Amino acid sequence: MLKPVTTDIEALKIIEERLRWLSAWTIHNANHLRESKDGLKVGGHQASCASMTAIMAALYFHALGPNDRVAVKPHAGPVLHAIHYLLGTQSREALENFRGFGGAQSYPSRTKDSIPVDFSTGSVGLGVAITAFSSLIQDYLTARGMMDEADRGRFVALVGDAELDEGNIYEALIEGYKHDVRNLWWIIDYNRQSLDATTADRMFNRFDEIFGSCGWRVETLKYGKLLEAAFAEKGGEALRQWIDQASNADYAALTYLGGKAWRERLLADAPKIRPILEARSDDELQRLMTNLAGHDVESLIEAFDRSQDSQPTLFIAYTIKGFGLPFAGHKDNHSGLMNPTQMAAFREGLGIAEGQEWEQLGGVGDNMRPAVETLLERTRIAREKRQSAFGQIEVPTLPTPSGEEQSTQAAFGRVLLEIAKQGGTLADRIVTTSPDVTVSTNLGAWVNQRGLFRRNEMPDVFAKAKIASAQKWSGANKGQHIELGIAENNLFLMLAAAGLAGDQFGVRLAPIGTLYDPFIARGLDALNYACYQDARFLLVATPSGITLGPEGGAHQSINPPLIALGQPGLRHYEPAFADELAAMIEAAFRLIDDPDGESTYLRLSTRNIRQEERKDGSWRGDALAGGYWLREPGPDSEAAIVAMGAVMPEAIAAWEELRDDIPGLGLLSVTSPDLLHRGWSAAQAARWSGRREPSHVERLLSQLGRNAGLVTIADAAPASLSWLGGVLGQRVAPLGIDRFGQTGNLDDLYEAYRLNGAAITEAAAEVLLQIG
Ligand SMILES: Cc1ncc(C[n+]2csc(CCOP(=O)(O)OP(=O)(O)O)c2C)c(N)n1
Ligand SMILES: [Mg+2]
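For the sequence shown, this note's numbering gives the first residue as 10, with consecutive numbering after it.
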């Protein structure tokens with residue numbers, strides 16, 4: 010750590026002002042100066058930015074090392090852009106186009122912004138929590154010798170105080186504690202304002218205890234240097250006491266009202282403060298009362314310098330929302346924008362000449378320029394963009410597990426076991442994780458082979474006591490399975506962190522997460538967050554649907570295929586047979602390690618089904634593209650059964666029964682409605698730019714007669730497949746689950762929910778009778 014000298018502190022103060030100006034100006038320009046083509050409000054958060062500029066100046070221009078990574082509070086995005094603008098890594102053009110098409114994004118985005126963004130943020134809470142998992146992944150990589158100890162960094166989250174209401178933060182705190190997570194700084198911008206209002210006082214002192222009890226050091230940064238000096242004056246103790254008992258709302262309102270209001274109120278409440286008041290003008294008093302530590306770069310860098318060990322640290326930095334701006338402290342300032350007159354006054358106050366608004370160092374006097382430039386130069390070296398790492402994993406052909414009857418879930422366990430036994434780069438790069446459903450999702454055999462990851466050795470007490478168990482459950486720092494408690498948000502954040510290892514640490518991992526299919530919904534925003542950042546992983550969700558049988562409606566998933574249909578960055582595959590599954594897992598690994606790839610979601614089942622005898626491998630390409638003819642349709646076919654996943658035996662049996670009655674009846678196995686739909690949309694878009702290739706689904710369905718009908722069937726929401734009728738205008742009779750499930754055996758359930766042969770026959774009659 011470089012020791013701050015006085016000139017550094019003075020330079021940091023100037024940089025803080027520059028960040029406050031540039032972030033406000035960027036937002037102002039987008040809202041008031043740039044031409045609006047659509048009349049929509051552009052928006053931006055000048056108050057939330059001003060709240061953090063000192064913290065971010067102290068952090069980026071003093072405390073951060075080259076390996077440190079930061080998740081920035083989403084609505085402080087413009088400050089991050091301003092930092093990179095000062096460093097020369099952001100263009101004026103992108104700032105002028107803030108919130109415009111192709112311009113700087115509203116909230117820091119790894120994939121859409123040109124500046125180095127370590128973590129995307131936007132959905133509050135998630136950016137905070139992911140830092141804990143990234144730190145754990147760093148420990149994982151160093152423990153396994155995949156990364157040098159010397160390259161280890163710190164993970165920093167810049168957190169809004171109202172963001173602390175998000176429960177996923179505490180899920181991560183608990184999980185982090187269990188894993189002895191370290192090298193974390195969470196810095197709270199404690200302005201005691203949320204979007205709607207000032208925040209509740211009652212939580213004031215609780216965060217210390219909550220974090221303290223989870224092993225965190227808590228650094229409360231309350232008073233700036235001016236206030237501390239004033240406390241030493243006559244009347245200082247009374248001032249401190251007054252501040253300490255002031256309510257959030259009072260403090261904010263007085264900040265907004267300014268020096269005169271402070272004077273009247275302080276005198277009325279605590280006459281002993283009088284000497285301090287008399288020694289200051291109204292402006293000086295306002296400056297004193299808003300000199301909280303979160304706006305005092307000197308206090309901040311001292312605190313950062315004090316916390317150089319690896320213990321996770323929570324900094325509670327007291328701040329003023331809208332610090333230094335005319336709406337500072339106003340409870341409605343969250344989306345408040347300065348008007349042009351206020352902006353002009355702000356500019357003049359900073360000594361920036363009109364027309365010089367975009368100058369990086371506008372208003373900085375010649376005497377301070379060299380010190381500021383030196384600091385910028387020093388920082389520039391530390392904040393270079395990292396290269397993403399792809400093409401590091403050799404993916405072998407994965408053999409199909411043998412067995413005449415298999416479930417896709419059991420086959421998944423066996424494919425992984427085989428990989429574990431074979432070894433190689435793929436086996437070594439896989440890291441598995443599960444929220445307490447490792448055994449019940451069939452990861453047990455893999456864990457037996459590859460071990461649990463624990464930073465500190467954890468003996469298997471049961472094995473030592475010679476108590477028989479199929480699970481070897483000892484942990485060591487070479488293990489490859491990271492066991493999580495039951496918190497699906499954490500699973501997805503862990504997959505996001507592991508799935509970004511190639512970008513963050515230069516080592517591409519092949520992360521696999523397992524959970525029960527219905528509980529995807531529990532972590533949905535975190536899953537979306539992972540995909541938005543282009544994290545790469547394989548999600549295995551099992552069991553699924555009412556095929557789960559006696560477990561009943563609370564565990565039987567219905568809509569995940571629809572979720573996947575609407576989720577960018579995630580490819581849904583739903584195999585019926587073990588050979589399809591092996592091909593899909595292999596494809597998923599390739600997609601993880603391909604710059605143009607994506608993540609994969611496998612929806613599996615516990616149902617044992619008879620495997621298909623293949624004549625050749627011709628099915629494979631089509632299966633990976635989203636569907637293939639399991640039974641080819643005849644010429645001028647009148648109908649096809651279109652089935653997905655675990656209900657394939659019913660579809661095959663119905664096909665056998667109906668094929669004599671329905672000329673040319675085909676049986677289409679859909680392996681990915683998601684891919685079929687994407688291909689269909691893409692082909693339509695391409696036609697308008699002159700490319701006339703039909704999509705895979707168009708090719709498949711055009712093998713049927715023009716007026717053919719489709720009976721679609723899936724153990725999922727019927728809309729997963731019913732849209733297929735829209736491709737060529739074929740009639741559809743959709744079968745699937747559109748009510749909550751319940752307990753029962755498979756025959757009873759399939760009958761009650763119309764997934765059996767009788768239902769397929771009726772549906773076939775439906776489409777055929779309508780023909781002509
Ligand atoms: C999950 C989620 N819910 C709601 C929002 C909308 N939102 C954005 S900022 C904000 C308030 C944040 O207050 P705080 O964290 O204290 O930040 P400040 O602006 O005060 O710095 C809200 C509700 C969001 N971005 N994400
Ligand atoms: Mg706040």
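All residues carry an ideal CB built from backbone N, CA and C; glycine is no exception. Nothing here was measured: the structure is a model prediction, and the numbers come from that model.
**Message:** Using a Cβ-Cβ cutoff of less than 6 Å, which residues in the same chain neighbour D217 once the five nearest sequence positions on both sides are dropped?
**Reply:** Against the sequence shown, residue 217 aligns to sequence position 208. Taken in chain order, the residues that qualify are V227.
**Asked** Straight-line CA distance for G781 to L667?
**Response** For the purposes of this step, residue 781 is taken as residue 772 along the sequence shown, with counting starting at 1. For the purposes of this step, residue 667 is taken as residue 658 along the sequence shown, with counting starting at 1. With a pLDDT of 46 at G781, under the threshold of 50, the modelled position of this residue cannot be trusted; read the value that follows with caution. Taking the straight line from one Cα to the other gives about 20 Å.
**Prompt:** Per the contact definition of three or more C-beta pairs closer than 8 Å, is the region 512 to 526 in contact with the region 393 to 405?
**Reply:** yes
**Asked** Where does E607 fall in DSSP's three states?
**Response** Residue mapping note: residue 607 aligns to position 598 of the sequence shown, counting from 1. E607: coil per DSSP, three-state reduction.
**Request:** For the beta strand (DSSP E) holding V165, just list the boundary residues, first then last.
**Result:** By one-based count along the sequence shown, residue 165 stands at place 156. It spans F164 to G169 - the beta strand (DSSP E) in which V165 sits, taken as one unbroken run.
**Message:** Taking 6 Å as the cut-off, is the C-beta of D602 nearer than that to any heavy atom in ligand 2?
**Reply:** Taking the sequence shown and counting its residues from 1, one reaches residue 602 at position 593. Outside the cutoff, so no.
**Request:** May I have a chain-ordered list of the alpha helix (DSSP H) segments no shorter than 4 residues that lie completely inside the region 139 to 225?
**Result:** 176 to 187 and 215 to 221
**Message:** Am I right that S646 and G675 are in contact with their C-beta atoms under 8 Å? What's the rounded C-beta distance?
**Reply:** As a first step, residue 646 is located in the sequence shown; it is residue number 637 there, counting from the start. As a first step, residue 675 is located in the sequence shown; it is residue number 666 there, counting from the start. So it is a contact: roughly 5 Å between Cβ atoms.
**Prompt:** Taking 6 Å as the cut-off, does the CB of G267 come closer than this to any heavy atom belonging to ligand 1?
**Reply:** In the sequence shown, the residue the question calls residue 267 occupies position 258. Because no heavy atom of ligand 1 lies under 6 Å away, the Cβ of G267 does not count as near it: no.
**Prompt:** Do Q202 and ligand 1 come close, with the Cβ less than 6 Å from some heavy atom?
**Reply:** Here the question's residue 202 lines up with position 193 in the sequence shown. Yes, since a heavy atom of ligand 1 falls inside the 6 Å radius drawn around the Cβ of Q202.
**Request:** Identify, in the order they occur along the chain, each residue of the same chain with its Cβ nearer than 6 Å to the Cβ of D543, setting aside the five sequence neighbours on each side.
**Result:** Indexing the sequence shown from 1 puts residue 543 at position 534. Excluding residues within five positions, the ones whose Cβ falls inside 6 Å are T120.
**Prompt:** Using DSSP with H/G/I as helix, E/B as strand and the rest coil, what is L467?
**Reply:** The sequence position of residue 467 within the sequence shown is 458, counting from 1. A quick correction: the sequence has Met, not Leu, at residue 467. It is a strand residue.
**Item:** For G630, the three-state DSSP class (helix, strand or coil)
**Value:** Locating residue 630 in the sequence shown gives position 621, counting from the first residue. G630: helix per DSSP, three-state reduction.
**Request:** Rounded to whole angstroms, what's the CA-CA distance from T322 to E273? Just pull it up for me.
**Result:** On the sequence shown, residue 322 is found 313 positions in, with the first residue counted as 1. On the sequence shown, residue 273 is found 264 positions in, with the first residue counted as 1. Rounded to whole angstroms, T322 to E273 spans 38 Å at the Cα level.
**Prompt:** Quick one: is A477 buried, meaning 16 or more other Cβ sit within 10 Å of its Cβ, or exposed?
**Reply:** Reading the sequence shown from its first residue, position 468 is the one you call residue 477. Its Cβ having fewer than 16 others within 10 Å, A477 is exposed.
**Prompt:** Is any heavy atom of ligand 4 found at a distance shorter than 6 Å from the C-beta of D291?
**Reply:** Among the ligands in the structure shown, ligand 4 does not appear; only ligand 1 and ligand 2 can be found there.
**Prompt:** Does DSSP put M10 in a helix, a strand or coil?
**Reply:** Sequence index remark: in the sequence shown, residue 10 carries index 1 (1-based). In this predicted model, M10 has a pLDDT of only 45, less than 50, meaning its place in the structure is not dependable enough to derive any value.
**Asked** Can you tell me the Cα-Cα spacing of Q147 and Q415, whole angstroms?
**Response** Here residue 147 refers to the residue found at position 138 when the sequence shown is read from its first residue. Here residue 415 refers to the residue found at position 406 when the sequence shown is read from its first residue. Cα to Cα, the separation comes out at about 38 Å.
**the region 185 to 196 in contact with the region 160 to 173 per 3-pair CB rule at 8 Å** = yes
**Item:** Pairwise C-alpha distance: H339 and K281
**Value:** In the sequence shown, residue 281 corresponds to position 272, counting from 1. In the sequence shown, residue 339 corresponds to position 330, counting from 1. So the two alpha carbons sit approximately 28 Å from each other.
**Message:** Suppose you measure from the CA of V446 to the CA of A261; what does that come to, to the nearest Å?
**Reply:** The count along the sequence shown starts at 1 and reaches residue 446 at position 437. The count along the sequence shown starts at 1 and reaches residue 261 at position 252. So the alpha carbons of these two residues sit roughly 47 Å apart.
**Item:** Sub-7 Å separation of L359 and G372 beta-carbons
**Value:** Position 350 of the sequence shown, counting from 1, holds the residue named residue 359. Position 363 of the sequence shown, counting from 1, holds the residue named residue 372. Their beta carbons are under 7 Å apart, which means L359 touches G372 by this criterion.
**Prompt:** Could you give the distance in angstroms between the alpha-carbon of N617 and the alpha-carbon of S60?
**Reply:** As a position in the sequence shown, residue 617 is number 608, starting the count at 1. As a position in the sequence shown, residue 60 is number 51, starting the count at 1. Distance between the alpha carbons of N617 and S60 is about 59 Å.
**Prompt:** Anyone know if the C-beta pair for M657 and A585 falls short of 7 Å?
**Reply:** Position 648 of the sequence shown holds residue 657. Position 576 of the sequence shown holds residue 585. Yes; because the gap between Cβ atoms is below 7 Å, this pair is in contact.
**Request:** Report the rounded CA-to-CA distance for N716 versus S57, giving the unit in angstroms.
**Result:** Taking the first residue of the sequence shown as position 1, residue 716 is located at position 707. Taking the first residue of the sequence shown as position 1, residue 57 is located at position 48. Taking the straight line joining both Cα atoms gives about 60 Å.
**Asked** How many whole angstroms separate the CB atoms of L713 and V651, which I take to be in contact at a CB cut-off of 8 Å?
**Response** Position 704 of the sequence shown, counted from the start, is the residue given in the question as residue 713. Position 642 of the sequence shown, counted from the start, is the residue given in the question as residue 651. About 10 Å; that fails the 8 Å criterion.
**Request:** Assign N376 to one of two classes, buried (16 or more other C-beta atoms within 10 Å of its C-beta) or exposed (fewer than that).
**Result:** Residue numbering aside, residue 376 sits at position 367 when the sequence shown is read from its first letter. N376 is exposed by the Cβ-count criterion.
**C-alpha distance - A277 paired with G245, whole-angstrom precision** = The count along the sequence shown starts at 1 and reaches residue 277 at position 268. The count along the sequence shown starts at 1 and reaches residue 245 at position 236. Distance between the alpha carbons of A277 and G245 is about 16 Å.
**Item:** Other residues of its chain near A506: CB distance less than 6 Å, five sequence neighbours each side excluded
**Value:** For this step, residue 506 is matched to residue 497 along the sequence shown. So the list reads I139, F142, S143 and I146, once near-sequence residues are dropped.
**Request:** Check whether the Cβ of S319 sits closer than 6 Å to any heavy atom of ligand 1, and report yes or no.
**Result:** Within the sequence shown, numbered from 1, the residue matching residue 319 stands at position 310. Every heavy atom of ligand 1 is 6 Å or more from the Cβ of S319, so no.
**Asked** Where do the N-terminal and C-terminal ends of the alpha helix (DSSP H) with C390 fall, by residue?
**Response** Here the question's residue 390 lines up with position 381 in the sequence shown. In the sequence as presented, Cys is not what sits at residue 390; that position holds Ile. I390 -> alpha helix (DSSP H) spans R378 to A391.
**Prompt:** What is the C-beta distance between R329 and N200, in whole angstroms, given that I count them as a contact (C-beta under 8 Å)?
**Reply:** Working through the sequence shown from its first residue, we reach residue 329 at position 320. Working through the sequence shown from its first residue, we reach residue 200 at position 191. Looking at the sequence shown, residue 329 is not Arg but Ile. With 8 Å as the limit, I329 and N200 qualify as a contact, their Cβ atoms being about 6 Å apart.
**Request:** Please confirm whether any heavy atom of ligand 1 lies closer than 6 Å to the CB of V51.
**Result:** Within the sequence shown, numbered from 1, the residue matching residue 51 stands at position 42. No.
**Prompt:** Got a sec? Which residues, its chain only, sit under 7 Å from A662 by beta carbon, not counting five neighbours each side?
**Reply:** What you label residue 662 is simply residue 653 of the sequence shown in a count that begins at 1. Around A662: G766.
**Alpha-carbon to alpha-carbon, E707 and D625** = Start at 1 with the first residue of the sequence shown, and residue 625 comes out as number 616. Start at 1 with the first residue of the sequence shown, and residue 707 comes out as number 698. Looking at the two C-alpha atoms, the distance is approximately 24 Å.
**Prompt:** Do you know how far the Cα of G484 is from the Cα of V470?
**Reply:** Counting from one through the sequence shown, the residue named residue 470 turns up at place 461. Counting from one through the sequence shown, the residue named residue 484 turns up at place 475. Their backbone Cα atoms lie some 11 Å apart in a straight line.
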